[in-house]
Amino acid sequence: MGGGREHQKLTSISHKTYFEPDMQIDYLSLKNFRNYARLELGIPTGPVVLHGENAQGKTSLLEAIYYLATSTSPYTNSDRQLINWQVANDILPYAQVGADIITTERIMSRVEITLIMESEGTNRFRKELRINGVSKRRSDLLGMIGVVMFLPQDLMLVEGSPSQRRRYLDLTLGQVDDEYTEALNKFDKVLLQRNALLRRIAANYASKTELEYWDEQLAECAGVIIAARQRIIRELEGLAQDYHHDISGGREDLQLVYQPSFEPTVEGDGQQSFNLFGMDLHREMDAAEIAPQYREALLDNQKEEVERGMTLIGPQRDDLRFMVNGRDLSMFGSRGQARTGVLAIKLAELVWMKEQFGAYPILLLDEVVAELDARRRAYLLEQIKHVNQVLLTTTELSVLTNGFLSTATLWQVEEGQISPINSVDA
Amino acid sequence: MSQVLPPSVTKLIDAFSRLPGVGSKTASRLTYYLLRAPEDVSLALSEALVELKTKTQYCEICHNITEDSPCPVCRDVRRDQTTIVVVEDPLDVVAVERTGSYRGVYHVLHGAISPVDGIGPDHLKLKELVERIEAKPVAEVIIATNPNMEGEATAMYVKQMVEPLGVKITRLARGLPSGGDLEYVDTVTLMRAFEGRGDMK
């Protein structure tokens, strides 16, 4: 409200010196993606606000960008759902997301991901990735463009399930660490075989000696996974502490702790041994150090694992804990404290990505601003003003500060159509 | 459709559809081809199908598919009977034979260890391999199971069982394809190629 209704269409809000590398999406084109039959869109740098009612296509636009950067959707595991339902009855339905991106080396590249039905009538889709017209693998996409996405459900990261926190770590590491993704995929396959074998042993169809190979493979992958997770948590913690201090007015001290899976000790009446592998949690260990310890732990747990028919310890059971002043936020924290923790780790993630890529990643904020109270909202908007490219969705422009709006490009999203907004009547 | 077509036609379409890689369309196409083709084409096919099951057996030594046991490879005195290549399937024997440079013999396991599919060491011809080595001295066992997880598990198992017999055990190298381009090779293959690098001869 008040004054300054004339919004200048600034295409670049530059807070940086000109030689600093950038990373951005210059142009986006969608075909049959979600509710966009077709979209051709130039995207400016600086903040872009996507305003509109629900179910108009705001979120799909962020999803498309995230999909381009990672070839996975943050919302669904089924690529099928990404295809516009109106073309589902076409002879060969397909969807395509394409973009001209500028990588940190200042090179303009064209990235395209196409989903094509394998053969008529089936529900299987082939994913084709092309970079500058050449067919590439998913791993070739790695490191080209980084994204940080902040969704309303991320606000449940602290209070939510351990699997949500593991997924968070997996998606974040997956964007930069090819070895991690590979280890994670292989771990899942080995785990499936090992669990099947445990059940066969329990039923006397197999002998325990057959476990040796799978244990070794599992340990090798687990070593890579645990080492990478410990490292990212340590780095995120260092970055998040400052933000957390700021938001909590200096009263609270945030700690992020990687907690390997463990078994309650028998004689400790409910007391849980914190440290199963005897790992020093405050020291980073490398994969080669962790693997043999994990393997030994597997041997120690073998009897119980055979009885239960499943692998009870390992990265598939590990957790990330948010501690404030020595207390676990998921158990003892208030809702507000939990949100402060999430906000701190997301801001830390932004800087962490910047360190990995050498430039700010593209920040995607989906309806999250409205979910925060005025103070945290103002803090978030202040912290992200240096980010090169921010896309933010909202149903209410009034949740944004005037200062933020004055620097932003404003777009109205309605039924898969995007048009500029020239004046704000918030 | 079933009302229009005589049962003898649908029966063959169904039989073809059960084969791997054959869908209902291909099955129909094959059936109509046979309907129109001269009678000796289908007679030759039916004869071949019957003989496939009646005339073949596993070789008593290497367990490859053969009409006469022992199989021609195991009977061949010019071949080195003290070197054994261990493979998963009969088709793998064909692949190695195509190289034309291997002069030893084979041992076919008939599968790979995969607990998810319910296949353990007992389902493979592993015991037979041990017995074979114990009965007749062997200089080298070359493990040529597939370079995937199940193949590796099987290789590990073969190694564990053969090692106590004091036989030299080797594993086929994993690495770069010939005629390939280094820049297009995936990271895992390249890593393996580094691990398995050898002295230049």
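Protein chains in written order, with this note's numbering: chain A, 42 to 467; chain B, 45 to 245. Cβ coordinates follow ideal geometry from the N, Cα and C atoms, glycine included. Note that the structure is a prediction, hence the values are computed from the model and not measured.
Local conformation of residue i per DSSP, three classes
{"i": "K426(A)", "result": "helix"}
{"i": "D124(B)", "result": "strand"}
{"i": "P134(B)", "result": "helix"}
{"i": "S72(B)", "result": "helix"}
{"i": "V174(B)", "result": "helix"}
{"i": "H154(B)", "result": "coil"}
{"i": "A140(A)", "result": "strand"}
{"i": "V202(B)", "result": "helix"}
{"i": "R218(B)", "result": "coil"}
{"i": "V140(B)", "result": "helix"}
{"i": "Q122(A)", "result": "helix"}
{"i": "L210(A)", "result": "helix"}
{"i": "T434(A)", "result": "strand"}
{"i": "Q65(A)", "result": "strand"}
{"i": "K169(B)", "result": "coil"}
{"i": "K227(A)", "result": "helix"}
{"i": "K212(B)", "result": "strand"}
{"i": "R349(A)", "result": "helix"}
{"i": "A81(B)", "result": "coil"}
{"i": "G201(A)", "result": "coil"}
{"i": "Y116(A)", "result": "coil"}
{"i": "L226(B)", "result": "helix"}
{"i": "L133(A)", "result": "coil"}
{"i": "M305(B)", "result": "The structure shown has nothing for residue 305(B), since chain B only spans 45 to 245."}
{"i": "T222(A)", "result": "helix"}
{"i": "R358(A)", "result": "coil"}
Residues that residue i bridges to, as DSSP identifies them
{"i": "M364(A)", "result": "Q296(A), D369(A)"}
{"i": "W452(A)", "result": "L91(A), P461(A)"}
{"i": "I148(A)", "result": "DSSP, once it has assigned bridges, lists no residue as partnering I148(A)."}
{"i": "Q191(A)", "result": "The question names Gln, yet the displayed sequence has Phe at residue 191(A). Paired residue(s): L406(A)."}
{"i": "V129(B)", "result": "Y150(B), I186(B)"}
{"i": "I543(A)", "result": "As displayed, chain A neither begins before 42 nor continues past 467, which places residue 543(A) out of reach and without an answer."}
{"i": "S176(A)", "result": "R171(A)"}
{"i": "I26(B)", "result": "Nothing about residue 26(B) can be reported from this structure: the residues present for chain B run from 45 to 245 only."}
Outcome for residue i when other beta-carbon atoms lying within 10 angstroms are tallied against a minimum of 16
{"i": "N429(A)", "result": "buried"}
{"i": "N73(A)", "result": "buried"}
{"i": "L432(A)", "result": "buried"}
{"i": "M244(B)", "result": "exposed"}
{"i": "M200(B)", "result": "buried"}
{"i": "P356(A)", "result": "buried"}
{"i": "D112(B)", "result": "exposed"}
{"i": "M149(A)", "result": "exposed"}
{"i": "P333(A)", "result": "exposed"}
{"i": "W452(A)", "result": "buried"}
{"i": "N443(A)", "result": "exposed"}
{"i": "R80(B)", "result": "exposed"}
{"i": "Q458(A)", "result": "exposed"}
{"i": "I132(A)", "result": "exposed"}
{"i": "W255(A)", "result": "buried"}
{"i": "P115(A)", "result": "buried"}
{"i": "T75(B)", "result": "buried"}
{"i": "F373(A)", "result": "exposed"}
{"i": "A136(A)", "result": "buried"}
{"i": "A269(A)", "result": "buried"}
{"i": "S371(A)", "result": "buried"}
The beta strand (DSSP E) enclosing residue i, as first and last residue numbers
{"i": "K479(A)", "result": "Chain A is shown only over 42 to 467; residue 479(A) falls outside these bounds and no answer can be derived."}
{"i": "K245(B)", "result": "Per DSSP, K245(B) belongs to no beta strand (DSSP E) and is neither H nor E."}
{"i": "D407(A)", "result": "403-407"}
{"i": "S180(A)", "result": "First-last for S180(A): 179-182, but that is the alpha helix (DSSP H), not the beta strand (DSSP E)."}
Boundaries of the alpha helix (DSSP H) in which residue i is found, first to last residue
{"i": "T381(A)", "result": "376-398"}
{"i": "Y335(A)", "result": "328-341"}
{"i": "E239(B)", "result": "231-239"}
{"i": "S52(B)", "result": "51-61"}
Just to confirm the assignment: which complete beta strand (DSSP E) runs, minimum length 3, are found wholly within the segment 67-110 of chain A? 77-83, 87-92
Suppose only complete runs of 4+ residues qualify. What are the alpha helix (DSSP H) ranges in the segment 229-300 of chain A, listed by chain order? 252-288
Just list the alpha helix (DSSP H) runs in the segment 89-120 of chain B, keeping only unbroken ones of 4 residues or longer that don't cross its boundaries, in chain order. 116-119
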